[in-house]
Structures are given as C-alpha cells and as structure tokens.
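Shown next, in structure tokens, is the structure this report addresses.
2 protein chains.
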Amino acid sequence: MKTNPHFYPVILAGGRGTRFWPLSRKRRAKQLLALDGKQTMIQQTVARLAPLAAPGRFWVITNDDLRPAILRQLPELPAKQTIAEPAGRNTAPAIGLAAFLLLRHDPEAVLGLFPSDHVIADSAEFRATLGRGIEIAAAGENIVVLGIRPTRPETGYGYIEAGAPDHDSSLRVRRFTEKPDLATAKQFLDAGNYFWNSGMFLWRADTLANALREYLPNTASLLEKIAATRGTRRFADTFRKLYPKCENISVDYAILEPRSAKGEAQSRIFCLPSDFGWSDLGSWTTLHEHHVAKAKPADGSLVSASGSFALNAKNNYVHAPGKFVALVGVSNLVIVETGDALLVTTLDQSQDVGKVVKHLDEKKLKKLV
Amino acid sequence: MKTNPHFYPVILAGGRGTRFWPLSRKRRAKQLLALDGKQTMIQQTVARLAPLAAPGRFWVITNDDLRPAILRQLPELPAKQTIAEPAGRNTAPAIGLAAFLLLRHDPEAVLGLFPSDHVIADSAEFRATLGRGIEIAAAGENIVVLGIRPTRPETGYGYIEAGAPDHDSSLRVRRFTEKPDLATAKQFLDAGNYFWNSGMFLWRADTLANALREYLPNTASLLEKIAATRGTRRFADTFRKLYPKCENISVDYAILEPRSAKGEAQSRIFCLPSDFGWSDLGSWTTLHEHHVAKAKPADGSLVSASGSFALNAKNNYVHAPGKFVALVGVSNLVIVETGDALLVTTLDQSQDVGKVVKHLDEKKLKKLV
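Protein chains in written order, with the numbering used here: chain A, 1 to 369; chain B, 370 to 738.
As structure tokens, then:
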C-alpha cells in the first residue's frame, strides 16, 4: 500500500461512554472495552490504521483517568505522544494542540482525526478511502471529512449535505447539519446527498492551525504557547495552566460550520462518501444489533455467560460472564452484570443508561462510576 | 397457654422448592431460606409451634441432602428425631412412619403435620386455632385439617368443601377437591364453604395408624417393621431397605379423599376455618406480593441489593445482594442473582422457574441445582 510519510493519526480517546455502564467506568471508558471481538475499540482503531503509519507517528489525546489504561493497551505507541488534557475542552483545542505540536516537527504534516470508539467492518476499504482523503488533504488548504452513507433515518447523528463532485470520488460539502428530527432524517435518507458525520477528518496541520487562528484566535494563541514549551521543563506546567483557558468547543461548531457557510466553492471542505461498515456502537442496543447482524442467532439473543437457558425468551442482550443465566418469559431486555453492579433495561430504553451514571455522579458513588 | 402433653409436631421438610431457584438448591431448599424476615422458613415453623411443645417432642422428616442444613438451623431439636428418608415417598409413608414411631412411646400421641415452607402472619391466632384442633383430634378417631379461608380464586391449591358445623367452630368435611379451573375456583370463593387445603393436619397416632392399615395395608406393614427396629442396630439398614418399597402417595390421596367419600357424618374429618394470614409463598411472584403487602413500596418494587436506582421502572422484585442494581424502563420483572447464577423472569411467568431446574437436572449441571 502506498503510504504518505507525512500522515499522522490523531486518536481522540477522552470520551467517557457512559451508555455502556456498568461495563464502562471513568477509568475504563467505552474505547477501552472489547465490545466487538478480542481487541478493545481503541486497539482496533490503531490496528486499522497501522498499515498507513508507523507507531511513532500516532498521537492520542485523552485524560488522566484513562491514560494509564491506554498506555497498557497500546504499548507499541510512544507514551509521550499519549497526551492527557488537564481539562476536557472538546475537540477543537484537542486537535488544535496536535496540529501545533506536529508543525514543529513536520511542516507538511497531514492530520487524521479518529474517534476511538467506533467499529468498522471493512478495514481494507476504510484504508482505501482514507488514502484518497490523505491525497486531497495533502494537496493544500482542503479539509476532508469521511461521510458515512446513511442506511436508516438516524436522528442521533449530525449530517453532511454534499454538493458538486470534485477530485476523485469526493463531493464538495454544502453544509453541516445538527441532529435532525425523524421527518427530516427521512428526507435526508431519500435525498441521497446527505451523509452521517463520522467525526473522521483529514487536513494539513498548517491548514488546521490557520483555521484556528481565524475562528478561535484566543485558543490558537494559547495552544501555540503550550506547543512552544514542548520538550522543555516548562511544558507540563504551561499545559496545565493554559489549556483550561481554551474554549470548550467542538471542531464542528468552531471551524467546519462557519467555514462551510462561505459556500461550497469557497470552503474547500470535501466529503468522501464511505461504505466500510461503520457503526458508532452508541448504546447497548446498537451493540446488540451489531452482534445480531454478525452472528444471526435464531432467537435474536446474545448471551455472554458461563451457560444459559432460555424459555419463551428472545431478542435479549446479556453480559454476565461467569454466571449461568436463565431467562424465562422475557424479551428485548439488556442485562449487564459486573462484579459490583447489575443493569437491567430494555432495547428501547438503553440510551438512558447515561442517566444512571449521572445519578451515581450526583450521589458521589465514585466506586461505581 | 394450655398445652397438650401428648402433642407432637411433625415437620415435613423434604421438599425441594425448585421455583425459588437460583436461591433454592438441592441442599438449600425453600424451607431453609430466609424468604420472609431473618429466620428461615423452617425456623419460623418451629418457633411458631414452640409454645405448644417442648423441643424434644418435635420430629422432622426430610432427606439426606437437606438434613445437615436442618440440623445446623435447628440445633435445639433432637438430631435423631430429624429423619432422612432413604427415598422420597410423598406424605403418606412419611407421616405414617412418624405415627408408628410415636406410638411406641406414647399411645395417646396427637400428631400435628406441618409443612415447613409456609408463612403465617399471626402466630398467636395460629396457635389458638391449633389448640382447638388438638382438642378435637385428641378426643378420638377424628382427623382435623386446617382450612384457609380463601381470599382469591386461586387455581393452584386443593380445596376442602365443608358441610355442617360441629364441635366448637369446626365444620364437617364434605369432600376434598383437586386444583380447580378458574371458573370453579370463583364458584368456590363465592360459595363461602370452601377452604384452601393448608396441608396442616392433626390426628392421634393410633387413628393415623389404623387409617394406614385400612387404606395402605402393605405400606402400613412395612412402616411397622421399620418402627419395630427403632433404637436397635438394625434400624438404619431396615429403614433403607424397606422404606423405598412403600407406596409413593400423598396422605390426601391415600386416606383423606377415600375416607371423606364415606360422607361427612361417617368420615369424622373436621375442617377448622383459619384466618391467621397464611401464605405458601409458592413462587417469586407470591413472595413479591407478600412483601409488597407488608412494606407497601410506592413503586411496587422490592430491591434487595447494596444500592439501587430505578428510572421508569415499577413492580419489580430484585434479589442481588452486594450489587448496585440499576433498572431502566423495566417493570414486573423478577431478577435474582447468586454467586453462580442469574435469573430474569416476569411476575407472570415465575412459576415456570422449576423448568430451569428440570433443564439443569437433565443437563447434569449438578453444581447449579
């Protein structure tokens, strides 16, 4: 495979993933779980990109709670490029920092931004798409976003409205939209030129740095000061003091939306339509669907346990390793057991599991979060 | 309280109670569980009767699987009066043996037969009723059965049809009926002279011995032979060899039903209408109802756990000691967790939990039964 020596994968791994409680915890977030196969989500993310970049070119942005586990799970990556933010500031400052740091070493750096908690079925197709994206991004002031071809009227994602074709197989981005209501999502699905925003972007470090200077000048200045101390004794202290002063904002809101407002011809944002079996595994329910699609169990149930027996039961998702699980007359349930907790919910309502974590946070039940 | 020095409580404790799996096991049957309060069901049974008979007058009929736990739970009772049947032969041989053994010591013995896995809310009322029953039984060839005044058209119990009043507050028994269908159960409830068969009986040992000789002559002869060796070296061997040859039949089928067919005037079977808050706690669902009636939780849920949080959830029964339990969008569930097993069923279908045990028996998963 032809690779670009200036391509740097930046893995975003600061999320908490509370909807996978009780399996996910503050120090063991969703991306650190093996929800699909033997590797954890972040290990899969790195393995998928490994043919495109040597380990030394990976950067990981995370937080202090998760950094130790990430270092354990990814021993091949350089530990000092796994950076713990002193405070969560959303994606704009995180990837901005990566851009300013990379620029010091490689003025031609092309950054790839990758969430660490998605699954992708077809890694080869993913890399082929990415290869085209890297070429477009490397060519100049372009921003490339991987757009997932929608398969259902999903209301939980942001969408990209695409316009005219450009380059090889890419489309000019007309605008980014917020999460739509169901009727709008159906229109998007029917229209054919709307794509799910995957959160995966490609751009040159200098393009990103310039965009930050234009749209978030104060944050850009803070990040430049931090980056300037990298490799010195003052870095840790400067990072801890200045980073929390950055604006708490996503790259979508800070840069992509205002830039796309310039119009599709001016904004130089390109969407690469992608068909590589992407799923964000956003909840126990999505995970259940994902596994059912792969394993096709006759009763629609997935039971991870030491043994099980089901009577008049179907479409259940059970995670209770080490237990014998008996299901009698229950359907469409999500049942997840850990050493200290037991969750029982439904496939319909599993997206509310985050509220359990909110409750535990409020009650300061720290051992459980 | 006036007590009868010839009264001997015989506790029937050989049942398995599979509907309380996974809490109940072969060696920890329902009667050995503390399903209602701190004492186990069999401890409550003995405590309830203690004011009526000294510990030395209690007999317990059980099996080898359960005997060790019973001795541990009831250290005050004489161990050699806790008898393990070499093979389960239902109630007729069990209480027949007790009768023949008691007759050797006390020709005037009055036996009280008590299942060990029921709850009774009002112990004082229970003992008052029993006191009247003991008087009637002691008076001669009478059989006294405690009939529970029905509170709902229950189809899971046998019923007693009562006839004319007799003695002080007792009714002559017209006949014993099998478990009715719902329409019949409703008729019984409306009629007012039908009672639930509690399984609690009182009769003189010689009355019972004679009835056995009449209705089960072969079994009576075997039991007499066994009883004759009691206190000798030959007892264990004789018991092991002869007892399994006894007929496998309940006292209801063997004696009470044919005897009641003689007509209410001739049969000398008396029903004592009883109102002492009896429940057989026949399933997780009955247990849930029992506790809801006592504790009256606002959401109808009972959760035994180290902590819990419910969101859009009601009428659940949860037993998961040591776990934090989160219920999101689920109602009318029964969730029971032990060290090695997890059961999830519904209040509607919990009576089918016995089928899980049947499956485990068939699969020879001995550690789980």
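The beta-carbon is built from N, C-alpha and C at its ideal position, and this holds for glycine as well.
Note to self: Going by beta-carbon coordinates alone, are T715 (chain B) and V303 (chain A) separated by less than 8 Å?
What the structure shows: Within the second sequence, the letter at position 346 stands for residue 715 (chain B). Within the first sequence, the letter at position 303 stands for residue 303 (chain A). Their beta carbons are not under 8 Å apart, which means T715 (chain B) does not touch V303 (chain A) by this criterion.
Checklist line | At least 3 beta-carbon pairs within less than 8 Å: the stretch 500 to 513 of chain B vs the stretch 561 to 576 of chain B | finding: yes
Notebook entry, point to check: Q187 (chain A): buried (16+ other C-beta within 10 angstroms of its C-beta) or exposed?
Noted result: Here residue 187 (chain A) is taken as the residue at index 187 of the first sequence, counted from 1. By the 10 Å Cβ count, Q187 (chain A) comes out exposed.
Checklist line | Assigned secondary structure, S123 (chain A) (DSSP; H/G/I helix, E/B strand, else coil) | finding: Taking the first sequence and counting its residues from 1, the one referred to as residue 123 (chain A) is at position 123. S123 (chain A) falls in the helix class under three-state DSSP.
Next item on the list: Would you tell me roughly how many angstroms separate the C-alpha atoms of E633 (chain B) and G516 (chain B), rounded to the nearest one?
Entry: Here residue 633 (chain B) refers to the residue found at position 264 of the second sequence. Here residue 516 (chain B) refers to the residue found at position 147 of the second sequence. Rounded to the nearest angstrom, the two C-alpha atoms are 16 Å apart.
Next item on the list: With a floor of 4 residues, list each alpha helix (DSSP H) that falls wholly inside the stretch 139 to 199 of chain A, ordered by position along the chain.
Entry: 182 to 191
Item checked: Secondary structure of K323 (chain A), DSSP reduced to three states -> For this step, residue 323 (chain A) is matched to residue 323 along the first sequence. In this structure, K323 (chain A) counts as strand in the three-state DSSP scheme.
Check: Comparing the C-beta of K724 (chain B) with each C-beta of chain A, is any distance below 8 Å?
Finding: Translated into the one-based positions of the second sequence, residue 724 (chain B) becomes position 355. By this cut-off, K724 (chain B) is an interface position.
Next item on the list: Return the residue from the list A:V292, A:T286, A:W59, A:N63 that minimises the CA-CA distance to K80 (chain A).
Entry: In the first sequence, counting from the first residue as 1, residue 80 (chain A) sits at position 80. Answer by Cα proximity: A:W59.
Notebook entry, point to check: Between the stretch 313 to 344 of chain A and chain B, which residues of the former have a C-beta closer than 7 Å to a C-beta of the latter?
Noted result: A320, K323, F324, V325, A326, L327, V328, G329, V330, L333, I335, E337, D340, A341, L342, L343, V344
Notebook entry, point to check: With burial defined as no fewer than 16 other Cβ atoms inside 10 Å of the residue's Cβ, what is the status of S350 (chain A): buried or exposed?
Noted result: Position 350 of the first sequence, counted from the first residue, corresponds to residue 350 (chain A). Burial call: buried.
Item checked: Cutoff 8 Å: F639 (chain B) Cβ touching any chain A Cβ -> Locating residue 639 (chain B) in the second sequence gives position 270, where the first residue counts as 1. Chain A contact via Cβ: absent.
Note to self: Tell me which residues share the same chain as E626 (chain B) and place their Cβ nearer than 6 Å to its Cβ, disregarding the 5 neighbours each side in the sequence.
What the structure shows: Residue mapping note: residue 626 (chain B) aligns to position 257 of the second sequence, counting from 1. The residues are F545.
Check: Is it buried or exposed for A493 (chain B), if we count other Cβ within 10 angstroms and need 16 for buried?
Finding: Here residue 493 (chain B) refers to the residue found at position 124 of the second sequence. The residue is exposed, with fewer than 16 neighbouring Cβ atoms inside 10 Å.
Notebook entry, point to check: Looking at the structure shown, is G481 (chain B) part of a helix, part of a strand, or coil, going by DSSP?
Noted result: In the second sequence, the residue the question calls residue 481 (chain B) occupies position 112. In the structure shown, G481 (chain B) sits in a strand (DSSP, three-state: E or B).
Next item on the list: Kindly indicate if chain A contains any beta-carbon less than 8 Å away from that of H659 (chain B).
Entry: By 1-based counting over the second sequence, the position of residue 659 (chain B) is 290. It does not: the Cβ of H659 (chain B) has no partner Cβ on chain A nearer than 8 Å.
Check: Which chain B residues are close to Q349 (chain A), counting only those with a beta carbon under 9 Å from its beta carbon?
Finding: Locating residue 349 (chain A) in the first sequence gives position 349, counting from the first residue. Correct list: L680, N681, V697, G698, V699.
Next item on the list: Give a yes or no on whether 8 Å exceeds the smallest Cβ distance from T498 (chain B) to chain A.
Entry: Position 129 of the second sequence, counting from 1, holds the residue named residue 498 (chain B). No, T498 (chain B) lies away from the interface with chain A (no Cβ there is under 8 Å from its Cβ).
Checklist line | 8 Å contact criterion, which T219 (chain A) and T229 (chain A) should meet: CB distance rounded | finding: What you label residue 219 (chain A) is simply residue 219 of the first sequence in a count that begins at 1. What you label residue 229 (chain A) is simply residue 229 of the first sequence in a count that begins at 1. About 16 Å; that fails the 8 Å criterion.
Next item on the list: Return the first residue and the last residue of the alpha helix (DSSP H) that P217 (chain A) is part of.
Entry: For the purposes of this step, residue 217 (chain A) is taken as residue 217 along the first sequence, with counting starting at 1. First-last of the alpha helix (DSSP H) with P217 (chain A): 217 to 228.
Check: CB-CB under 6 Å to R628 (chain B), same chain, minus the five flanking residues each way: which ones, in chain order?
Finding: Residue 628 (chain B) sits at position 259 when you count from the first residue of the second sequence. Contacts found: S636.
Note to self: Among A:V46, A:F100, A:D65, whose alpha-carbon lies nearest the alpha-carbon of D117 (chain A)?
What the structure shows: Locating residue 117 (chain A) in the first sequence gives position 117, counting from the first residue. For D117 (chain A), the nearest C-alpha among the options comes from A:V46.
Item checked: Proximal residues of chain A, C-beta to C-beta of H728 (chain B) below 7 Å -> Taking the second sequence and counting its residues from 1, one reaches residue 728 (chain B) at position 359. Per Cβ cutoff of 7 Å: F309.
Check: Y8 (chain A) and L111 (chain A): beta carbons closer than 8 Å?
Finding: In the first sequence, residue 8 (chain A) corresponds to position 8, counting from 1. In the first sequence, residue 111 (chain A) corresponds to position 111, counting from 1. Yes, Cβ-Cβ distance for Y8 (chain A) and L111 (chain A) is below 8 Å.
Note to self: Helix, strand or coil for V46 (chain A)? Go by DSSP, reduced to three states.
What the structure shows: Taking the first residue of the first sequence as position 1, residue 46 (chain A) is located at position 46. Three-state DSSP puts V46 (chain A) in a helix.
Next item on the list: Kindly indicate which residue of B:G568, B:K395, B:S393, B:P455 has the alpha-carbon position closest to the one of I595 (chain B).
Entry: By one-based count along the second sequence, residue 595 (chain B) stands at place 226. Nearest option by C-alpha distance: B:P455.
Notebook entry, point to check: Among all the DSSP beta bridges, which residues are the ones paired with W59 (chain A)?
Noted result: Along the first sequence, one-based indexing puts residue 59 (chain A) at 59. Beta-bridge pairing links W59 (chain A) to A:V10.
Notebook entry, point to check: Residues of chain A with a CB under 7 Å from the CB of T715 (chain B): which are they?
Noted result: For this step, residue 715 (chain B) is matched to residue 346 along the second sequence. Within chain A, the residues near T715 (chain B) are G329, V330.
Checklist line | chain A contacts from the stretch 537 to 551 of chain B (Cβ-Cβ distance under 7 Å) | finding: none
Notebook entry, point to check: Looking only at C-alpha atoms, which of A:W196, A:D168, A:S169 sits nearest to E178 (chain A)?
Noted result: Taking the first residue of the first sequence as position 1, residue 178 (chain A) is located at position 178. Taking only the C-alpha atoms, the option nearest E178 (chain A) is A:W196.
Margin query: For a contact defined as C-beta to C-beta under 8 Å, what are the partners of L365 (chain A) on chain B?
Written below: In the first sequence, counting from the first residue as 1, residue 365 (chain A) sits at position 365. Near L365 (chain A) (Cβ distances below 8 Å), the residues of chain B are G676, F693.
Note to self: So that I know if they touch, is there some Cβ in chain B lying closer than 8 Å to that of L102 (chain A)?
What the structure shows: Here residue 102 (chain A) corresponds to residue number 102 of the first sequence, with the count starting at 1. No, L102 (chain A) does not count as interfacial toward chain B.
Next item on the list: Could you pull the start and end residues of the alpha helix (DSSP H) that L101 (chain A) belongs to?
Entry: Reading the first sequence from its first residue, position 101 is the one you call residue 101 (chain A). Unbroken alpha helix (DSSP H) run through L101 (chain A): 91 to 105.
Note to self: Looking at chain B, is there any beta carbon in it that lies within less than 8 Å of the beta carbon of L368 (chain A)?
What the structure shows: Sequence index remark: in the first sequence, residue 368 (chain A) carries index 368 (1-based). Interface residue, yes.
Checklist line | Top-ranked residue by Cα proximity to L130 (chain A), from A:A84, A:L182, A:P51 | finding: Taking the first sequence and counting its residues from 1, one reaches residue 130 (chain A) at position 130. Nearest of A:A84, A:L182, A:P51 to L130 (chain A), Cα basis: A:P51.
Item checked: Coil, strand or helix - I83 (chain A) by DSSP -> Within the first sequence, residue 83 (chain A) is the residue found at index 83, counting from 1. Reduced to three states, the DSSP call for I83 (chain A) is strand.
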